[in-house]
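Heads up, the thing below is written out as structure tokens.
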Amino acid sequence: MSDILDRLTAALADELPAAVELRHELHRNPEVSGAEVRTAARVAEALGEPEAPVVAGTGRLVRVGGEGRCVALRAELDALAMREETAAPFASTNDAMHACGHDVHLAGLVAAVRTLRRVGGPLPVLAILQPREEKHPSGGQDVAGSGRLADEQVGAVLGVHLQPQVPLGAVAADPGVVNAACDEIEITVRGAGGHGAYPHLAEDPVPVLCRIVGAIPDVVRDTVDPMHPSVVTLGILRAGTAPNVLAETAFTHGTIRTYRSRDRELLFDGLRRLATGYAAAHGLTAEVTYSPVEPPMANEPGLTAAVRARLEESGFVLAPEFRSCGSDDFAFYSAVAPSTMIFLGTGDGERPPMLHDARFLPSDDRVADAARAYLAGYVGACSTLT
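For the sequence shown, UniProt numbering gives the first residue as 1, with consecutive numbering after it.
See below:
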């Protein structure tokens with residue numbers, strides 16, 4: 001397999017100038033989740049398959065190398081609904097932005113698959129151009145649940161994702177769970193409201209919700225083993241429309257992130273009991289809604305060991321173990337075939353822009369790194385399947 005990887009890596013250089021131009025084009029013209037029609041068509045065209053079959057609404061599947069068992073390489077099509085603040089010459093021309101590296105993932109995937117088309121490899125490759133990674137219900141869930149990967153005889157699935165928390169020039173691909181499950185929780189506290197001058201005659205849900213929110217860290221501490229990664233984050237707090245009116249409802253919406261299925265259940269139950277019990281103690285009611293979003297993302301140990309070996313052969317430095325409470329719908333592919341996510345380092349300096357930051361703009365050099373990582377992952381997967 002080392003000779004194959006050497007040949008692929010050497011041939012990759014011819015694909016990189018066009019891949020960088022493609023990255024610029026995609027970055028300049030981003031499309032948000034569910035609207036990635038042009039992006040999917042352009043990437044399929046760059047892969048030499050403009051009529052590639054559609055999957056999950058706006059996604060595409062591009063197969064190269066014949067029939068039989070294959071290795072799937074996945075990249076995401078969608079951008080985020082946010083204004084870019086980079087001043088790059090290829091900055092977004094609309095109100096969306098590739099602030100999570102998907103433009104780099106796609107360009108690297110194209111360079112890798114085009115190289116495999118020219119040079120060949122031990123097994124066919126299936127490029128998964130996946131829509132809606134940033135939206136629920138996600139494209140990854142739909143692609144994995146479509147049955148199409150089984151039809152294509154996918155034996156392994158590889159992903160690459162830029163990661164500012166991994167040092168520049170390094171990669172991380174550790175066995176086991178590397179990203180958390182992500183679930184959404186909504187809490188609505190209801191009272192009668194009233195006039196701001198007469199709180200003693202009203203039922204004010206705002207201080208009750210505030211106390212519920214303040215007690216959430218205690219629920220996490222008292223519910224989940226401290227050795228188990230878990231975090232509850234509330235991104236929305238909403239109540240009232242006027243300064244002198246006590247609202248009838250107070251609302252919060254956030255996420256629960258855990259590594260273990262049992263902890264997902266325990267945390268939701270604990271938060272439900274906290275909210276309903278505290279509201280009842282003050283004569284109010286609370287409604288708690290739980291929505292599962294994504295399972296934990298786990299790298300299959302055998303596949304991951306093979307991939308790590310090929311990454312080192314490609315010249316990458318393996319970073320110290322990297323796991324986070326981030327989440328990714330790549331997690332759904334593990335129900336279809338062994339899967340491994342490779343985190344590609346972009347961390348440079350003390351406080352590099354993070355993912356989903358309006359200033360996140362990795363260098364064009366990361367396109368080559370992503371392509372090399374995809375090729376290393378492909379060769380590693382082939383070694384486990386042949």
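Just so you know, even glycine gets a beta-carbon here, dropped at the ideal spot from N, CA and C.
Just so we're clear, the structure is a prediction, and the values are computed from it rather than from any experiment.
(message) Cutting at 6 angstroms between CB atoms, please list the residues of its own chain near serine 138, excluding the five before and the five after it.
(response) Arg132, Asp329
(request) Starting from leucine 303, trace the alpha helix (DSSP H) both ways and give me its first and last residue. (result) 301-313
(request) State the Cα-Cα distance for the pair valine 55 and asparagine 244, rounded to the nearest angstrom. (result) 52 angstroms
(request) Identify the continuous alpha helix (DSSP H) that holds alanine 267 and give its terminal residues. (result) A small fix is needed here, since residue 267 is leucine in this sequence, not alanine. Its alpha helix (DSSP H) spans residues 261-281.
(request) Just grab the DSSP bridge partners of aspartate 183 for me. (result) Ile256, Pro292
(message) Once the 5 residues before and after glycine 283 are set aside, which same chain residues still bring their CB inside 6 angstroms of it?
(response) none
(request) Write down every uninterrupted run of the beta strand (DSSP E) in the region 181-250 whose length is 3 residues or greater and which is fully enclosed by it, in chain order. (result) 181-190, 230-239
(request) Compare the Cα-Cα distances from proline 292 to each of Leu311, Ser314, Tyr278, Arg264 and report the closest residue. (result) Arg264
(request) Return helix, strand or coil for valine 336, following the three-state DSSP convention. (result) coil
(request) Give a yes or no on whether the C-beta atoms belonging to alanine 75 and methionine 97 are separated by under 8 angstroms. (result) no
(message) Tell me the residue span of the beta strand (DSSP E) that contains alanine 170.
(response) 170-172
(request) Flag this pair as yes or no: are the beta carbons of glutamate 321 and leucine 5 separated by less than 8 angstroms? (result) no
(request) Grab the span of the beta strand (DSSP E) containing leucine 162 for me, first residue to last. (result) 154-167
(request) Would you check if the distance between the CB atom of tyrosine 333 and the CB atom of proline 296 is smaller than 8 angstroms? (result) no
(message) So, under 8 angstroms CB-CB, valine 307 and threonine 346 are touching, yes? Tell me the CB distance rounded to an integer number of Å.
(response) That belief does not hold up - the Cβ atoms of valine 307 and threonine 346 are roughly 19 angstroms apart, past 8 angstroms.
(request) Find out if the Cβ-Cβ distance for the pair glutamate 73, isoleucine 128 is shorter than 8 angstroms. (result) It should be pointed out that residue 73 corresponds to leucine in this sequence rather than to glutamate. Going by C-beta atoms, leucine 73 is nearer than 8 angstroms to isoleucine 128.
(request) Would you decide whether proline 226 is buried or exposed? Buried here means 16 or more other CB atoms lie within 10 Å of its CB. (result) exposed
(message) For the beta strand (DSSP E) containing leucine 73, name the first residue and the last one.
(response) 70-76
(request) Find the nearest neighbour of glutamate 15 within the set Tyr378, Arg372, Val379, judged by alpha-carbon distance. (result) Arg372
(request) State the beta-bridge partners of isoleucine 342 as determined by DSSP. (result) Val160
(request) Have a look at glutamate 152 and glutamine 130 and give me their C-alpha separation to the nearest angstrom. (result) 16 angstroms
(request) Could you tell me which residues DSSP pairs with alanine 298 in its beta bridges? (result) Val177
(request) Answer yes if the region 156-163 comes into contact with the region 92-109, meaning at least three C-beta pairs across the two stretches below 8 angstroms, and no otherwise. (result) yes
(request) Taking alanine 56 as part of the beta strand (DSSP E), name the residues at either end of that continuous run. (result) Counting along the chain, alanine 56 falls outside any beta strand (DSSP E), and DSSP gives it neither H nor E.
(request) Enumerate in chain order the residues of its own chain whose CB-to-CB distance from arginine 366 is below 8 angstroms, with the five nearest sequence positions on each side excluded. (result) Gly101, Val104, Gly108, Leu162, Leu344, Thr346
(message) I'd like the span of the beta strand (DSSP E) that includes valine 125, first residue to last.
(response) 125-130
(request) Using beta-carbon positions only, say whether threonine 188 and threonine 249 come within less than 8 angstroms of one another. (result) yes
(request) Look at the alpha carbon of glutamate 51 and the alpha carbon of glutamate 36, and state the distance between them as a whole number of angstroms. (result) 15 angstroms
(request) Could you check what DSSP says for alanine 286 in three-state terms: helix, strand or coil? (result) strand
(message) Counting C-beta neighbours from all protein chains within 10 Å, is the total for proline 362 16 or more, i.e. buried, or is it exposed?
(response) buried
(request) Kindly indicate which three-state DSSP category glycine 101 falls into: helix, strand or coil? (result) coil
(request) Take the Cβ of glycine 277 as the centre, count every other Cβ of all protein chains shown within 10 Å, and call the residue buried at 16 or more, exposed below. (result) exposed
(request) Going by CA-CA distance only, name the one from Pro17, Gly155, Asp95, Leu168 that's closest to proline 352. (result) Leu168
(request) Note the first and the last residue of the continuous alpha helix (DSSP H) segment covering phenylalanine 151. (result) The sequence as given places aspartate at residue 151; phenylalanine does not occur at that position. It spans 148-151 - the alpha helix (DSSP H) in which aspartate 151 sits, taken as one unbroken run.
(request) Using only alpha-carbon positions, find the residue among Gly196, Ser261, Ala13, Arg211 that is nearest to leucine 116. (result) Ala13
(request) May I have the straight-line CA-CA distance separating leucine 209 from serine 324, to the nearest angstrom? (result) 29 angstroms
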